[in-house]
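**Student:** The structure's right below; bear with me while I get my questions together.
In this note's numbering, the protein residues as written are 107 to 612.
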């Protein structure tokens with residue numbers, strides 16, 4: 107059942123203005139720049155949210171000039187945004203430098219390009235560098251930024267945006283952090299997770315802490331369990347080399363999924379700022395009890411075989427381009443975690459993420475306990491009703507709550523009713539900027555609230571490292587073990603069924 111919501115002030119709020127600045131995109135010809143970064147900047151331009159004095163410089167080994175780069179990015183924006191009708195005004199902000207990020211000598215040309223746009227637009231020394239490159243290039247780029255003097259500013263700031271994965275285990279993450287910190291301070295490093303830029307993620311906090319009717323029941327006394335789902339209907343595409351080295355736990359659980367868990371489970375921060383919020387999310391990771399690796403509650407892994415998605419037959423993982431025929435890389439993971447603190451004692455958090463699922467869906471679902479007394483009775487054979495509050499992050503951002511209501515008629519018959527709140531519809535915002543856009547604005551404003559801190563990264567690896575190590579030491583007995591287009595392996599269903607619970611339908 108869809109509900110009509112009245113909003114006092116509809117539309118998109120502009121927020122505080124950003125300082126004039128220059129963005130440098132390393133890997134400017136790659137998929138991330140084409141599919142997310144430049145389209146996000148274009149969306150900010152269209153909404154009038156970019157600083158008036160702003161320039162983006164692409165840096166890549168491609169033998170292009172600025173005109174070719176603008177043409178390439180125009181096509182990328184048209185594919186990603188469906189239109190480029192305001193391109194000309196945006197294109198003037200783009201330029202390009204051809205160079206090798208691992209070659210120290212090529213940074214002189216980048217420095218000249220930065221100084222040129224700064225001089226032309228009257229931009230102070232505010233520059234941020236976005237590493238949209240494979241992780242193995244992170245240390246070399248940072249070292250070269252330091253050696254070339256580009257990491258320093260006399261009349262402004264310097265910031266560094268680092269994409270995931272941040273390391274491939276705890277040891278490598280610590281080593282990477284050490285090398286970044288030789289050039290940049292913690293207050294300059296922005297470890298980006300685009301999930302945290304989604305409106306619904308931030309509204310999880312607003313919904314809970316700004317509405318007094320929800321925080322009092324946000325605990326073990328009223329909540330039966332929490333389900334976090336990050337499902338994708340796509341396969342690995344052209345990312346076989348990356349995925350074979352990473353797998354589902356490193357790619358999704360260590361960052362996206364654990365971030366969602368922390369935001370659902372944290373204690374009320376003193377205020378909504380970087381230090382307060384990130385202190386509380388780190389405390390959640392501290393309290394997580396590592397999943398058992400020996401008994402029936404061990405994490406479940408899976409790999410998709412051939413199947414049907416959206417009515418079309420698709421190949422199994424081992425038949426994807428670039429994947430070895432006998433690969434044991436998991437494309438699905440499900441696990442049960444508990445949080446050892448006063449609020450969440452004995453409340454299980456069920457996490458699942460996978461590729462080639464029936465549909466694309468990311469949600470955090472809070473399953474409340476049933477009422478202590480069923481005063482209205484219950485039809486024979488129907489499970490006892492329980493209210494569910496779900497925060498949907500994609501594909502449609504919003505909040506969905508299932509509640510009980512009386513069915514019209516002479517008898518008192520209770521039926522579930524679904525109340526749906528969609529942000530874009532409620533606030534009347536057509537084509538709201540994507541999550542990356544909001545996070546890029548945060549970088550420009552120097553707001554690290556929605557970016558991972560080094561200690562959070564370290565604690566997250568502590569949780570997932572034993573799982574990855576166990577799986578790598580013991581090859582699976584049966585892969586593939588779920589068909590593309592299905593909800594995952596049977597063992598994942600059993601993970602909840604043994605406790606009398608079941609996954610939400612995909």
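We put the beta carbon where it would ideally sit given N, CA and C, even for glycine.
Report the option in 273, 224, 264, 574 whose CA atom is closest to the CA atom of residue 293.
**Tutor:** 264
**Student:** Thinking C-beta only, is residue 521 closer than 8 Å to residue 511?
**Tutor:** yes
**Student:** For the alpha helix (DSSP H) that residue 382 lies in, which residues bound it at each end?
**Tutor:** 380-393
**Student:** Between the Cα of residue 344 and the Cα atoms of 400, 137, 373, which residue gives the shortest distance?
**Tutor:** 137
**Student:** Label residue 448 either buried or exposed according to how many other C-beta atoms from any shown protein chain fall within 10 Å of its C-beta, with 16 as the threshold for buried.
**Tutor:** Here residue 448 is exposed, its C-beta having fewer than 16 other C-beta atoms within 10 Å.
**Student:** Using the C-alpha atoms, what's the distance from residue 148 back to residue 196?
**Tutor:** 7 Å
**Student:** Quick one: Cα of residue 108 to Cα of residue 505, how far?
**Tutor:** Per-residue confidence for residue 108 stands at a pLDDT of 48, beneath the threshold of 50, marking its modelled position as unreliable; the derived number appears in the next sentence. Going by the C-alpha atoms only, they are around 11 Å apart.
**Student:** Roughly how many angstroms separate the alpha carbons of residue 333 and residue 455, rounded to a whole number?
**Tutor:** 6 Å
**Student:** Going straight from the alpha carbon of residue 420 to that of residue 594, what length do you get?
**Tutor:** 15 Å
**Student:** Rounded to a whole number of angstroms, what is the C-alpha to C-alpha distance between residue 347 and residue 507?
**Tutor:** So the two alpha carbons sit approximately 41 Å from each other.
**Student:** Starting from residue 127, follow the beta strand (DSSP E) in both directions and report where the run begins and ends.
**Tutor:** 127-132
**Student:** In chain order, what are the residue ranges of uninterrupted alpha helix (DSSP H) at least 4 long that sit wholly in the region 234-262?
**Tutor:** 244-254
**Student:** Using 8 Å as the threshold, is the C-beta distance between residue 336 and residue 362 below it?
**Tutor:** Against a cut-off of 8 Å, the Cβ pair of residue 362 and residue 336 comes out as a contact.
**Student:** Check this for me: beta carbons of residue 589 and residue 413, under 8 Å apart or not?
**Tutor:** yes
**Student:** Between residue 462 and residue 565, what straight-line distance do the alpha-carbon atoms span, to the nearest angstrom?
**Tutor:** 29 Å
**Student:** Taking contact to mean at least 3 C-beta pairs separated by less than 8 Å, is the region 181-200 in contact with the region 308-320?
**Tutor:** no
**Student:** Just the Cα atoms here: how many angstroms apart are residue 151 and residue 122?
**Tutor:** Cα to Cα, residue 151 sits roughly 15 Å from residue 122.
**Student:** Can you list, in chain order, the stretches of the beta strand (DSSP E) that have 3 or more residues and sit fully within the region 434-517?
**Tutor:** For secondary structure counted as the beta strand (DSSP E) over 3 or more consecutive residues, the region 434-517 holds these complete runs in sequence order: 438-445, 455-460, 467-474, 494-500, 504-513.
**Student:** Can you tell me where the beta strand (DSSP E) with residue 164 in it begins and where it stops?
**Tutor:** 160-166
**Student:** If I measure Cβ to Cβ from residue 596 and keep anything under 6 Å in the same chain, skipping five residues before and after, which residues do I get?
**Tutor:** none
**Student:** Hey, could you find the ends of the alpha helix (DSSP H) residue 549 is sitting in?
**Tutor:** Boundaries of the alpha helix (DSSP H) around residue 549: 541-551.
**Student:** Looking only at its own chain, which residues have a Cβ that is under 6 Å from the Cβ of residue 125, when we skip the five neighbours before and after it?
**Tutor:** Take residue 125, set aside five residues on each side of it, and the residues of its chain with a beta-carbon closer than 6 Å to its own are 232, in chain order.
**Student:** When you compare only the Cα positions, how much space is there between residue 230 and residue 468?
**Tutor:** Annotation: residue 230 to residue 468 spans about 40 Å, alpha carbon to alpha carbon.
**Student:** Checking the sheet assignment: what are the DSSP bridge partners for residue 533?
**Tutor:** Answer is none; residue 533 lacks a bridge partner.
**Student:** Are the beta-carbon atoms of residue 129 and residue 162 separated by less than 8 Å?
**Tutor:** yes
**Student:** Rounded to the nearest angstrom, what separates residue 170 and residue 587 at their Cα positions?
**Tutor:** 45 Å
**Student:** According to the neighbour-count rule (16 or more other Cβ atoms, all chains shown, within 10 Å of its Cβ), is residue 425 buried or exposed?
**Tutor:** Exposed, because fewer than 16 other Cβ atoms sit within 10 Å of the Cβ of residue 425.
**Student:** For the region 278-297 against the region 522-540, are there 3 or more C-beta pairs whose distance is under 8 Å?
**Tutor:** Cβ pair count under 8 Å is below three, so no.
**Student:** Could you tell me the boundaries of the beta strand (DSSP E) in which residue 331 lies?
**Tutor:** Note, residue 331: beta strand (DSSP E), 329-337.
**Student:** What span of residues does the beta strand (DSSP E) with residue 201 cover, start to end?
**Tutor:** Start and end: 200-204.
**Student:** Can you list, in chain order, the residues of its chain with a C-beta nearer than 7 Å to that of residue 213? Leave out the 5 residues immediately preceding and following it.
**Tutor:** 250, 254, 256
**Student:** On the premise that residue 245 lies in contact with residue 285, defined as a C-beta separation below 8 Å, what is that separation, rounded to the nearest angstrom?
**Tutor:** 5 Å
**Student:** Take the Cβ of residue 557 as the centre, count every other Cβ of all protein chains shown within 10 Å, and call the residue buried at 16 or more, exposed below.
**Tutor:** buried
**Student:** Give me the DSSP bridge partner(s) of residue 295.
**Tutor:** 266
**Student:** Give a yes or no on whether the C-beta atoms belonging to residue 165 and residue 220 are separated by under 8 Å.
**Tutor:** no
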